[in-house]
């Protein structure tokens, strides 16, 4: 069986790779469980100094797998409660990880997968990278930190505009607005993320560790906000609007 999440460690740097390329690294329960396990394993490595987050395939990660939601339509609320809950656990585990996370975002990010980017400490984006919510198109309620995390980064008015009109955030905008640190060519982004991680590893470890603790000190409030996203996501997912939206979205994708 193919590992959905790959974790390797070399010279105090861990590399966590999203590895569901045939489905654009979209989120399903087993994917999130494997990511949680990988983060837990990384947290136990006392010599670890940084973690690089990257993805295989054409997309970085495209949020919840709409086909999986639709396939579970007869039991959709429990399924939604599970998958969004697991995603929230991943996000909180990322911000609580003792070492900084350097994300190499080489391509598109949609839906709840934005949370993987927002929970990273340093974010490199390729020129081809973009961030699109799709909630108002499919008929979902936002999750993945779109309301729990993004407004504190780019402002509530911008988030309202992006979510309600389904606007795409470009790589350039992500850097300008503080979602990402810099743009790196796609063919160099993994190497550059490794260089950044190695540079972190060479700094004073106590200082780095406490810096991350201070920057992410409000994890309880974050968890509560993410839980509110999950609650409203589950309330919305059972509506006819969401079901019709999924059918239309999947029909559009198969044409």
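Numbering (the numbering used here), first residue to last: 386 to 640.
In this text, a Cβ means the ideal position worked out from N, Cα and C, and glycines have one as well.
Whose CA, out of 580, 556, 579 and 491, lies closest to the CA of residue 409? Answer by Cα proximity: 491.
Three or more C-beta pairs under 8 angstroms: does that hold for the stretch 539 to 553 against the stretch 507 to 514? no
Could you give the C-beta distance for residue 494 and residue 453, rounded to a whole number, given that I count them as a contact under 8 angstroms? 18 angstroms between Cβ atoms; not a contact.
Own chain, CB closer than 8 angstroms to residue 627, minus 5 neighbours either side, in chain order: Within the same chain, 523, 524, 525 and 621 come within 8 angstroms of residue 627 by CB-CB distance, once the 5 residues on both sides are set aside.
Three-pair Cβ contact test at 8 angstroms for the stretch 478 to 489 versus the stretch 429 to 439: In short, these stretches touch, since the Cβ pair count reaches three.
Are residue 434 and residue 398 closer than 8 angstroms when you measure CB to CB? yes
For residue 615 and residue 416, the rounded distance between their alpha carbons: 18 angstroms
On the three-state DSSP scale, how would you describe residue 544? DSSP places residue 544 in helix when its eight states are reduced to three.
Tell me whether residue 484 sits in a helix, a strand or coil according to DSSP, three-state version. coil
DSSP three-state label for residue 392, please. Strand.
Cβ distance (whole Å) where residue 585 is taken to contact residue 593 below 8 angstroms: 6 angstroms
State the DSSP-derived secondary structure class of residue 567, mapped to helix, strand or coil. strand
Cβ shell of residue 394 (< 8 angstroms), same chain only, five flanking positions each side left out: Take residue 394, set aside five residues on each side of it, and the residues of its chain with a beta-carbon closer than 8 angstroms to its own are 400, 427, 430 and 433, in chain order.
Measure the CB-CB distance between residue 562 and residue 541 and report whether it falls below 8 angstroms. no
Whole-number beta carbon distance between residue 472 and residue 442, since they are thought to touch under 8 angstroms: The pair is not a contact, with the Cβ atoms about 19 angstroms apart (cut-off 8 angstroms).
Does the Cβ-Cβ distance between residue 419 and residue 390 come in under 8 angstroms? Residue 419 places its beta carbon less than 8 angstroms from that of residue 390.
Can you name, in chain order, every residue of its own chain whose Cβ lies under 7 angstroms from the Cβ of residue 386, other than the five neighbours on each side? Caution is warranted here: a pLDDT of 45 is assigned to residue 386, below 50, making its placement in the model unreliable, and the coordinate value is therefore given only provisionally. Once the five neighbours on either side are set aside, residue 386 has no close Cβ partner at all.
Identify the residues that DSSP records as bridge partners of residue 555: which are they? 515
For residue 464, collect the residues of the same chain with a Cβ closer than 6 angstroms to its Cβ; drop the 5 residues on either side in sequence, then sort them by chain order. Around residue 464: 457.
Give me, in chain order, the residues of the same chain whose beta-carbon lies closer than 6 angstroms to that of residue 613; leave out the 5 immediate sequence neighbours on both sides. Closer than 6 angstroms at the Cβ level, and outside the excluded window around residue 613, lies no residue.
Can you pull the DSSP bridge partners for residue 403? 390 and 440
Distance check for residue 517 and residue 632, CA to CA, integer angstroms please. 19 angstroms
Is it buried or exposed for residue 545, if we count other Cβ within 10 angstroms and need 16 for buried? exposed
At the 8 angstroms Cβ level, is residue 436 part of the contact set with chain C, yes or no? The structure shown contains no chain C; it holds only a single protein chain.
In angstroms with no decimal places, state the Cα-to-Cα distance between residue 636 and residue 449. For residue 636 and residue 449, the gap between their C-alpha atoms comes out near 17 angstroms.
Whole runs of the alpha helix (DSSP H) within the stretch 418 to 464, excluding any shorter than 4 residues: 451 to 456
Do residue 566 and residue 476 count as a contact pair if the criterion is CB distance below 8 angstroms? no
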